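Below: the structure, in structure tokens.
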Amino acid sequence: MMRMEEYPGYPEEMWDSLRMVEETRDERIGKVYPRMSEEERERILREWHPDYKQGAKRPLRIGPNKGMMLPHEVADILEAHPLITPDMIDLSEIDFDVDVLIIGAGGAGLSAALIASEHVDKEGILLVQKLRLGDSNSKMSQGGIQAALGPDDSPVLHFLDIVGGGHFANNTELVEILVKEAPDVIRWHQSLGVIYDRNPDGSIKLSPGGGTCRRRMLSCKDYTGLEITRVLLDEFLNREIPYLEFTCAVELLTDDSGQVVGSVLYDLDSDEYLIARAKSTILATGGYGRLHIQGFETTNHYGATGDGIVLAYHVGAELRDLDATQYHPTGAAWPEQIVGQLCTEKLRGRGAQPVNRLGELFVNPLEPRDVEAAAIIRECYGRELGVTTPTGMRGVWLDTPLIDIINGEGTIEREFAAMYRTFKRFDIDIRKEPILVFPTLHYQNGGVVINARCETTVPGLYAAGEVSGGVHGKNRLMGNSQLELYVFGRRAGRFAAERAKSVNVGKPTLKHVERYERWLREAGIETDRRSPILLPEYRGKKTLEHHIRLL
Amino acid sequence: MEKEGKMVTIYVMGKKHRVPAGLTIMKAMEYAGYQLRRGVGCRGGFCGACATLYRVKGSYKLQAALACQKVVEDGMYIAQIPFTPAEKKLYNMEEVKPSPNVFVEHFPEITRCLSCNTCTKACPQDLMVMDYVQAALRGDVEKVAELSFDCIACGLCAIRCPAEIVPYQVAQLARRIYSKYILGLSEEVERRVAEVEEGRFDGELEQLRELSPEELRKRYESREIRV
Chain U
608 MMRMEEYPGY PEEMWDSLRM VEETRDERIG KVYPRMSEEE RERILREWHP DYKQGAKRPL
668 RIGPNKGMML PHEVADILEA HPLITPDMID LSEIDFDVDV LIIGAGGAGL SAALIASEHV
728 DKEGILLVQK LRLGDSNSKM SQGGIQAALG PDDSPVLHFL DIVGGGHFAN NTELVEILVK
788 EAPDVIRWHQ SLGVIYDRNP DGSIKLSPGG GTCRRRMLSC KDYTGLEITR VLLDEFLNRE
848 IPYLEFTCAV ELLTDDSGQV VGSVLYDLDS DEYLIARAKS TILATGGYGR LHIQGFETTN
908 HYGATGDGIV LAYHVGAELR DLDATQYHPT GAAWPEQIVG QLCTEKLRGR GAQPVNRLGE
968 LFVNPLEPRD VEAAAIIREC YGRELGVTTP TGMRGVWLDT PLIDIINGEG TIEREFAAMY
1028 RTFKRFDIDI RKEPILVFPT LHYQNGGVVI NARCETTVPG LYAAGEVSGG VHGKNRLMGN
1088 SQLELYVFGR RAGRFAAERA KSVNVGKPTL KHVERYERWL REAGIETDRR SPILLPEYRG
1148 KKTLEHHIRL L
Chain A
238 MEKEGKMVTI YVMGKKHRVP AGLTIMKAME YAGYQLRRGV GCRGGFCGAC ATLYRVKGSY
298 KLQAALACQK VVEDGMYIAQ IPFTPAEKKL YNMEEVKPSP NVFVEHFPEI TRCLSCNTCT
358 KACPQDLMVM DYVQAALRGD VEKVAELSFD CIACGLCAIR CPAEIVPYQV AQLARRIYSK
418 YILGLSEEVE RRVAEVEEGR FDGELEQLRE LSPEELRKRY ESREIRV
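Protein chains in written order, with our numbering: chain U, 608 to 1158; chain A, 238 to 464.
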């Protein structure tokens, strides 16, 4: 193997450790660190996973989920005044009067729109998006989407992996739907023109993922979410379904019967409010990575500010499992410019091993995400065997060169074009050098309670995708969020459109905003916080902040 | 950011700012006080929202980059291009066919390609844009799909093209045709969909859903792992 004498992308103080990784590489080939038992997993989560850290959460003081333990950052946006007050908004002028209003244009929102357009006249649909069409976490997904397609696999095994990974806290009705509709989602994608990776014999390429008992991960190189989202977006535009970009939902609307009848919108370009009345409203707003829970960096899109759970809670919809946050085990810890960005789990699926500063194995590469993340945090902060960067970040090595050694030269460039390109911009060649990684805030495991029809607990309001909860329980496995977007996005579109055919909606009001203010008052909450927050605050010195509150 | 606290000067749409060296263009703009609304997206090089043109003092070259990936340089003049003025060509995928003329039919302007390679030089993903436009002229669907796969549709190729071609739209059509009409549906997918529709897994799934959490845990732990 070629010996590197220097590593231009890394500061000199890391070179000794890099050499140790290189020197131990040959003897690590083929070695697999054993998986933990369930008891070991529970212990390491308790001791090292950020979700279990003392003082990081508090009980929610208002609303239907009063008492639910939430990270402070999430409790903060729920225990906040609504962004608008009823006197600010003129509800007598309705700007849009539609059958189905869809909020969010990632994978779930676009799927909902496409399917809804098969059930109601497309002019009866309005899709609104805070930023650009398609901009979302959906698009950033790298590694894959799960569907039990292999001859030795089945939806039953897929189900078992999901509930085990989710610590048996999942809504099993939703899980059953997810695993059974997975193959049909893939068929739908192929019929629309999504290019899934193939084996030389033409069959679909299936890779393993963390916590899966079979090879079940389909991929589109490491641009899986990009490929799927851009095809759905292209189809959405071809069908000429009405939409508004740079338009945020700032508050839902309810009528006298308490059902949701649309949303107050805010045009980010003109700073104007618009009123959209709708017979059915679908929340497809994604998650809350940009809240930087416990100071963690995030893989998430700029718009992932948790707006959906705020809007839903304002109208009294129940939430679940928001005590569980997913930290992706491998976010970039170096170079500084991309700290927190995702290094796909597929790297480990294809042979990259996590190793410590000394080049030693310390965890099976494919534990469920929460366990893998906890093991990396322990290695850095418990055993002090991580590598410290010049800005004080710690991380462990992910030994990517093994991928080409195991699977043949050219594999990384072919299958990991995005990763290869990202690091190359900063003089790191992942074919020859390992990358430094540390867990990064990745996914909102819980969310708005939904049933099989994607109905929330408030009539007229639907939810699909990351904003919803129940499918993943307390911990999501790789590739199931992509899948969830399309399974439940399609369902939301269909059931919301069906409801729109028969329902009558009354005059829109903001009475729930007054009720929410009363809840805040009665709970003695005095704050100047307002939500949804819509855009994260990074101006000035905040640009430079990394304060992970780990210990 | 940098240990020594080195600062550089940048000009955001002409306005001068001192920012720490080492920041990306996007973070430098935020440091300078901008709360971005347009020209920001995934912040990870996947969405194409932050297309940016710049020149560095002393150089005539107009360069293109993604604001979330490009580190600021001293004396950089920056203009974000958050939107590419381009009409979306509409087509019905059920009617489009992979004929040799498919691209010229939908995008006749590709015949104006001068082979000047400006598009390729502008691409922040380092894609061979001109090569795939040429492949489109030849009707080579597979080649266009292959060469354009990593496209994030940031629009910089279209902004710079002197022939006024919108390459990323040609590429999107090519990839969809390639999947739908050349690769086609997968047998194993069709088979599994049929098995689900027959209800083959319903009994076992129902059983699992009726298990107590302890029994379910046992089933989970005893499942055989074959990856």
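Backbone N, C-alpha and C fix where the C-beta goes; we use that ideal spot for every residue, glycine too.
If you're wondering where the values come from, they're calculated on a predicted model, not measured in any experiment.
Item, Value
"Three-pair Cβ contact test at 8 Å for the segment 702 to 721 of chain U versus the segment 665 to 674 of chain U", "no"
"With 16 other Cβ atoms within 10 Å as the buried cut-off, status of P942 of chain U", "buried"
"Bridge-paired residues (DSSP) for S385 of chain A", "Answer by DSSP bridge pairing: none, since S385 of chain A is not bridged."
"Per-residue contacts from L442 of chain A into chain U (C-beta, under 8 Å)", "P762, V763, F766, E783, V786, K787"
"Identity of the residue in U:S870, U:K953, U:P618, U:R642 nearest V970 of chain U by Cα", "U:R642"
"R648 of chain U versus U:A919, U:I835, U:L973, U:V782, residue with shortest Cα-Cα distance", "U:L973"
"Cβ-Cβ distance between V994 of chain U and S624 of chain U below 7 Å", "yes"
"Counted within 10 angstroms of its Cβ, other Cβ atoms place D1011 of chain U as buried (16 or more) or exposed", "buried"
"Among U:W655, U:S887, U:G893, U:S826, nearest to G741 of chain U - alpha-carbon criterion", "U:G893"
"Residues that Q948 of chain U contacts on chain A, provided the C-beta gap is smaller than 7 Å", "G281"
"Paired residues, beta bridge with W1004 of chain U - DSSP", "U:V962, U:L1043"
"Cα-Cα separation, F1095 of chain U to I636 of chain U", "41 Å"
"Residue(s) in a DSSP beta bridge with R927 of chain U", "U:G1054"
"Exposure label - L767 of chain U; buried when at least 16 CB within 10 Å", "buried"
"Residue of U:D791, U:S718, U:S798, U:F775 minimising C-alpha distance to L839 of chain U", "U:S718"
"Ordered list of alpha helix (DSSP H) runs contained in the segment 611 to 657 of chain U, each at least 4 residues", "622 to 635, 645 to 655"
"E788 of chain U: first and last residue of the uninterrupted alpha helix (DSSP H) it sits in", "779 to 799"
"Other residues of its chain near D311 of chain A: CB distance less than 7 Å, five sequence neighbours each side excluded", "V245, T246"
"Partners in chain U for Y328 of chain A, counting only beta-carbon separations shorter than 8 Å", "N845"
"Partners in chain A for R837 of chain U, counting only beta-carbon separations shorter than 9 Å", "C388, I389, A390, Q409, R412"
"Chain-ordered neighbours of S826 of chain U on chain A, where CB pairs are closer than 7 Å", "Chain A residues near S826 of chain U: none, gap ~12 Å exceeds 7 Å."
"Start and end residues, beta strand (DSSP E) containing G938 of chain U", "932 to 939"
"Simplified DSSP state of C394 of chain A, which is helix, strand or coil", "helix"
"Residue-chain proximity (Q300 of chain A, chain U), Cβ-Cβ < 7 Å", "no"
"CB contact check: F775 of chain U to chain A, cutoff 7 Å", "yes"
"Contact with chain A by S1138 of chain U, beta-carbon distance below 7 Å", "no"
"Beta-carbon neighbours of K264 of chain A, restricted to chain U and to distances below 7 Å", "T1150"
"Near-chain A residues of the segment 626 to 660 of chain U (beta-carbon distance less than 7 Å), N- to C-terminal order", "E645"
"Between the CA atoms of P1115 of chain U and G990 of chain U - distance to the nearest angstrom", "The residue asked about is misnamed: residue 990 of chain U is Arg in this sequence, not Gly. The straight-line gap from Cα to Cα measures roughly 58 Å."
"Three-state secondary structure assigned by DSSP to Q736 of chain U", "coil"
"G1072 of chain U beta carbon less than 7 Å from that of A891 of chain U", "yes"
"M1000 of chain U to N963 of chain U span [Cα, whole Å]", "14 Å"
"Cβ of S449 of chain A within 7 Å of any chain U Cβ", "no"
"C-alpha distance - Y328 of chain A paired with V308 of chain A, whole-angstrom precision", "39 Å"
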